[in-house]
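>
There are 2 protein chains.
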Amino acid sequence: MTAPRAGWVDGMQYCNWSRRIFEQMREAGLSAVHATVAYHEGFRPTVDKIVAWNWRFRDHADLIIPGRSAADLMRALSSNRTAIILGLQNPLPIEDDLGLVAVLHELGIRVMQLTYNNQSLLGCGWTEAEDSGLTKFGREVVREMNRIGMLIDLSHAGERTALDTIAASQRPVAITHATPASWREGKRQVSDTLLKALADSGGMLGFSLYPYHLRDGSATTLSSFCEMVARTAESVGVVHLGIGSDLCQDQPDEALLWMREGKWLRADRGQGKPEFPAQPPWFEDSRGFANIAGGLRDAGFAAADVEAMLGTNWQRFFRAAFRPWGEGER
Amino acid sequence: MTAPRAGWVDGMQYCNWSRRIFEQMREAGLSAVHATVAYHEGFRPTVDKIVAWNWRFRDHADLIIPGRSAADLMRALSSNRTAIILGLQNPLPIEDDLGLVAVLHELGIRVMQLTYNNQSLLGCGWTEAEDSGLTKFGREVVREMNRIGMLIDLSHAGERTALDTIAASQRPVAITHATPASWREGKRQVSDTLLKALADSGGMLGFSLYPYHLRDGSATTLSSFCEMVARTAESVGVVHLGIGSDLCQDQPDEALLWMREGKWLRADRGQGKPEFPAQPPWFEDSRGFANIAGGLRDAGFAAADVEAMLGTNWQRFFRAAFRPWGEGER
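First to last, the protein sequences are chains A and B.
Everything in the first sequence is counted per my numbering, starting at 31 for the first residue and increasing by one.
Everything in the second sequence is counted per my numbering, starting at 31 for the first residue and increasing by one.
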């Protein structure tokens, strides 16, 4: 595997972070990675996880830097390091306090999902039987995220909540990690309606490489994946597309249990605990970006479009998304 | 009372904040005020208090701005507003976690006392029978505060802890609110030994206007106060001196109980609850700065020295103190 040029971006990873993983990001030429900090954690344990990131930034300053602004993303590129953009997959860390959005922003959080799989205080996740849409508190949080420059992520939202949010948000939003429902059926995937609304509002979709989001799971071929990208690009245009691998490298299976159940569910363990599926062999870690580049070229994409989808689209989008809006006090 | 020129600084206030108080700061010509956020609060309630400040900064943006950097202090001056510098009188908000120093710094805290009146995890307060000095954790926190640019405040420290800290700190420290023990006896006041060590290391003393720190309490005259300032200036030089009023304007007496007892003491209430003493009539609120200016001129100070002690010394000192040291990651 040859080291690709720098500048690619992964729109979402949730790895069991280590120096080896950061080194692989560098080998892969990733200039930025959006990293999940919390799923079902409240505010206080989320702060502990941010502290752990602060130490990582100091311990591995030769490989990674905090990715909080356009300037940080540029600095990562120019110094051959990876900007780590911290994000939350669930709004539990803000509790019921609008003021905690700005607090978490000041601590470096730049992306937040309004819902994980379940109903949240802000809106509805994709696994609920009924989606009643964006709540009153949800509308306040959307306004606040717009104001301070925290990107709204709808990856795990129910469709009505997602459409409500796109309509309510004055800034483009993202679905950082998902695939189209036209390729793999299911409510977790993005319907044509949602994909169109997302693109029409200037949003971004990051294509997931998580096997449960791939048409044939772990056996999905690179060419099938790249054909799907090609069809999606024909439908909404290359400019709205990137990668959000959902890579869960080196995570123990307990992490999957936490993602699925948090503290709210205690399922029957008769059939044993769930296990992470195997990654497809062409995307086992960040270095798989080179394989995707090759696959996209084989699927007929021009070199500039490959670069756009593997990096420059997210670069442009994140730079705009993290900019504070209007007359901030600081 | 005429409105004095802008640029004066109060090195410490703990008022029951309101728009009226911020308006008085403007009338007084205060370009910066160090405001206490917490005494006996832990991390989580301190975050709630920071959130309350964030809303104040938005609700009263015409009067106050966050004071976090030299640039903020300059901006306050040039826009005729007061920079509010947030500080902690106790290290309880960092719990036992070195990483929370940087977290609170990112949330805007720029000053922290290593001890309030009692023993803390970092060192000893002035009310303990024995002061065993700066602890192991205390030395780590001093190093971290030095690194990120959070000012060390020794106002309530025991003398040995204070001297240990001055020796351990690689940057100048402050006693933001106190008076010399040579003027009013007592362990809460600053001994000649400590005053000399503070000045020799480039530190600052803010003169308190809290009656319990004044020689004759509420009856202390302006000329007595200014004579004391003159003697202190002869001893250590004008450059190390400022005002740190310890003004507790509009606070209910419960606030005094909280300051004294927190959650650690439940004293016999046979004699009723303690009450705040009356301020001397020449310093009832921030506008008393004009009276002090007059008093200092009457005591023989040149106009430039009055300006230095009422504002420019703290301005210079804070600008340097808040600058991150060495190669910060950001």
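Cβ coordinates follow ideal geometry from the N, Cα and C atoms, glycine included.
Going by Cα to Cα distance, which pick from B:Pro-282, B:Leu-277, B:Leu-225 is closest to Arg-261 (chain B)?
The residue you call residue 261 (chain B) lines up with position 231 of the second sequence. Checking every option, the nearest Cα to that of Arg-261 (chain B) belongs to B:Leu-225.
> With 9 Å set as the bound, which would you pick, yes or no: does the beta-carbon of Asn-84 (chain B) sit closer than that to a beta-carbon of chain A?
One-based indexing of the second sequence puts residue 84 (chain B) at position 54. Answer yes: the Cβ-Cβ gap between Asn-84 (chain B) and chain A drops below 9 Å somewhere.
> Taking the continuous alpha helix (DSSP H) assigned at Ser-265 (chain A), which residues delimit it?
Position 235 of the first sequence, counting from 1, holds the residue named residue 265 (chain A). From DSSP, the alpha helix (DSSP H) with Ser-265 (chain A) extends over 252-266.
> Please compile the residues from chain B whose C-beta is within a distance smaller than 7 Å of the C-beta of Arg-74 (chain A).
Start at 1 with the first residue of the first sequence, and residue 74 (chain A) comes out as number 44. The contacting residues are Arg-74.
> Going by C-alpha distance, which of B:Ser-238, B:Leu-277, B:Ser-150 is nearest Glu-160 (chain B)?
Taking the first residue of the second sequence as 1, we reach residue 160 (chain B) at position 130. Cα-wise, what sits closest to Glu-160 (chain B) is B:Ser-150.
> Kindly examine the ligand GTP and report whether one of its heavy atoms sits closer than 8 Å to the Cβ of Ala-132 (chain A).
Inclusion of the ligand GTP in the displayed structure is not the case, the ligand content being empty and no account of it being possible.
> What did DSSP end up calling Arg-50 (chain A) once you bin it into helix, strand or coil?
Your numbering for residue 50 (chain A) matches position 20 in the first sequence. Reduced to three states, the DSSP call for Arg-50 (chain A) is helix.
> Using only CA atoms, which one of B:Gly-163, B:Asp-40, B:Pro-311, B:Leu-287 lies nearest to His-70 (chain B)?
One-based indexing of the second sequence puts residue 70 (chain B) at position 40. It is B:Leu-287.
> Within the continuous alpha helix (DSSP H) that includes Leu-140 (chain A), where are the two ends?
Position 110 of the first sequence, counted from the start, is the residue given in the question as residue 140 (chain A). Sequence inspection shows Arg at residue 140 (chain A); the Leu mentioned does not correspond to that position. Counting along the chain, Arg-140 (chain A) falls outside any alpha helix (DSSP H), though it belongs to the beta strand (DSSP E) covering 139-143.
> Do Ala-187 (chain A) and Gly-274 (chain A) have their C-beta atoms within less than 9 Å of each other?
In the first sequence, residue 187 (chain A) corresponds to position 157, counting from 1. In the first sequence, residue 274 (chain A) corresponds to position 244, counting from 1. Cβ distance not < 9 Å, so Ala-187 (chain A) and Gly-274 (chain A) don't count as in contact.
> Could you check where the beta strand (DSSP E) with His-270 (chain B) kicks off and where it finishes?
Looking up residue 270 (chain B) in the second sequence gives position 240. Taken as a continuous stretch (DSSP letters only), His-270 (chain B) belongs to no beta strand (DSSP E), as it is neither H nor E.
> Quick one: is Arg-49 (chain B) buried, meaning 16 or more other Cβ sit within 10 Å of its Cβ, or exposed?
The count along the second sequence starts at 1 and reaches residue 49 (chain B) at position 19. Under this definition Arg-49 (chain B) is an exposed residue.
> Quick one: what does DSSP say Asp-127 (chain B) is sitting in, helix, strand or coil?
Along the second sequence, one-based indexing puts residue 127 (chain B) at 97. It is coil, neither helix nor strand.
> Do you know how far the Cα of Ser-221 (chain A) is from the Cα of Leu-252 (chain A)?
Within the first sequence, numbered from 1, the residue matching residue 252 (chain A) stands at position 222. Within the first sequence, numbered from 1, the residue matching residue 221 (chain A) stands at position 191. Answer to the nearest angstrom: the Cα atoms are 22 Å apart.
> With 9 Å as the threshold, decide whether the Cβ of Leu-130 (chain A) is near any Cβ in chain B.
Your numbering for residue 130 (chain A) matches position 100 in the first sequence. Output row for Leu-130 (chain A): interface = yes.
> Looking at chain B, is there any beta carbon in it that lies within less than 9 Å of the beta carbon of Gly-179 (chain A)?
Position 149 of the first sequence, counted from the first residue, corresponds to residue 179 (chain A). Chain B, which has no Cβ nearer than 9 Å to the Cβ of Gly-179 (chain A), makes this no.
> Give the range of the beta strand (DSSP E) segment to which Leu-60 (chain B) is assigned.
Counting from one through the second sequence, the residue named residue 60 (chain B) turns up at place 30. Element bounds for Leu-60 (chain B): 60-68.
> Assuming Gly-272 (chain A) and Gly-236 (chain A) are in contact, meaning their beta carbons sit under 8 Å apart, how far apart are those beta carbons, in whole angstroms?
As a first step, residue 272 (chain A) is located in the first sequence; it is residue number 242 there, counting from the start. As a first step, residue 236 (chain A) is located in the first sequence; it is residue number 206 there, counting from the start. With a Cβ gap of about 5 Å, Gly-272 (chain A) and Gly-236 (chain A) count as contacting.
> When the cut-off is 9 Å and only beta carbons count, does Phe-352 (chain B) lie next to chain A?
The residue you call residue 352 (chain B) lines up with position 322 of the second sequence. No, because no Cβ of chain A sits closer than 9 Å to the Cβ of Phe-352 (chain B).
> Give me, in chain order, the residues of the same chain whose beta-carbon lies closer than 6 Å to that of Gln-200 (chain B); leave out the 5 immediate sequence neighbours on both sides.
Against the second sequence, residue 200 (chain B) aligns to sequence position 170. So the list reads Asn-176, once near-sequence residues are dropped.
> For Asp-280 (chain A), collect the residues of the same chain with a Cβ closer than 8 Å to its Cβ; drop the 5 residues on either side in sequence, then sort them by chain order.
What you label residue 280 (chain A) is simply residue 250 of the first sequence in a count that begins at 1. Cβ within range, chain order: Cys-45, Asn-46, Ser-48, Ile-51.
> For Asn-120 (chain B) and Asn-147 (chain B), what's the separation of their Cα atoms in angstroms?
Residue 120 (chain B) sits at position 90 when you count from the first residue of the second sequence. Residue 147 (chain B) sits at position 117 when you count from the first residue of the second sequence. Cα-Cα distance, rounded: 9 Å.
> From Glu-357 (chain B) to Cys-256 (chain B), what distance separates their C-alpha atoms?
Locating residue 357 (chain B) in the second sequence gives position 327, counting from the first residue. Locating residue 256 (chain B) in the second sequence gives position 226, counting from the first residue. Confidence in Glu-357 (chain B) is poor, its pLDDT being 42 and thus under 50, which makes the residue's placement unreliable; the coordinate value appears in the next sentence. Roughly 43 Å separates the two Cα atoms.
> Do we get a CB-CB distance below 9 Å when we pair Val-133 (chain B) with the residues of chain A?
For the purposes of this step, residue 133 (chain B) is taken as residue 103 along the second sequence, with counting starting at 1. True, the Cβ-Cβ gap to chain A drops below 9 Å.
> Below 8 Å on the Cβ atoms is my contact criterion, and I expect Ile-205 (chain B) with Leu-181 (chain B) to pass it. Report the Cβ-Cβ distance as a whole number of Å.
Here residue 205 (chain B) refers to the residue found at position 175 of the second sequence. Here residue 181 (chain B) refers to the residue found at position 151 of the second sequence. That pair is no contact at about 11 Å.
> Would you grab the beta carbon distance between Pro-310 (chain A) and Pro-241 (chain A) for me? Rounded to a whole angstrom, and I think it's under 8 Å.
One-based indexing of the first sequence puts residue 310 (chain A) at position 280. One-based indexing of the first sequence puts residue 241 (chain A) at position 211. Right, their Cβ atoms sit about 7 Å apart.
> With a cut-off of 8 Å, do at least 3 Cβ pairs link the stretch 120-130 of chain A to the stretch 92-110 of chain A?
no
> Are there 16 or more other CB atoms within 10 angstroms of the CB of Asp-183 (chain B), so buried, or fewer, so exposed?
Position 153 of the second sequence holds residue 183 (chain B). So Asp-183 (chain B) counts as buried.
> At what residue ranges does the stretch 178-205 of chain B contain a whole run of the alpha helix (DSSP H), taking only runs of 4 or more?
189-198
> Buried or exposed: which applies to Asp-230 (chain B), given that a residue is buried once 16 or more other Cβ atoms fall within 10 Å of its Cβ?
Counting from one through the second sequence, the residue named residue 230 (chain B) turns up at place 200. Per the 10 Å Cβ criterion, exposed.
> Quick one: which chain B residues come within Cβ less than 8 Å of Ile-80 (chain A)?
Counting from one through the first sequence, the residue named residue 80 (chain A) turns up at place 50. Near Ile-80 (chain A) (Cβ distances below 8 Å), the residues of chain B are Val-133.
> Taking DSSP as the reference, what is the three-state secondary structure of Pro-210 (chain A)?
Your numbering for residue 210 (chain A) matches position 180 in the first sequence. Strand, per DSSP.
> Kindly indicate which three-state DSSP category Ala-249 (chain A) falls into: helix, strand or coil?
Counting from 1 along the first sequence, the entry for residue 249 (chain A) is found at position 219. Helix.
> So, is Phe-347 (chain B) buried or exposed, given that buried needs 16 or more other C-beta atoms within 10 angstroms?
Indexing the second sequence from 1 puts residue 347 (chain B) at position 317. By the 10 Å Cβ count, Phe-347 (chain B) comes out buried.
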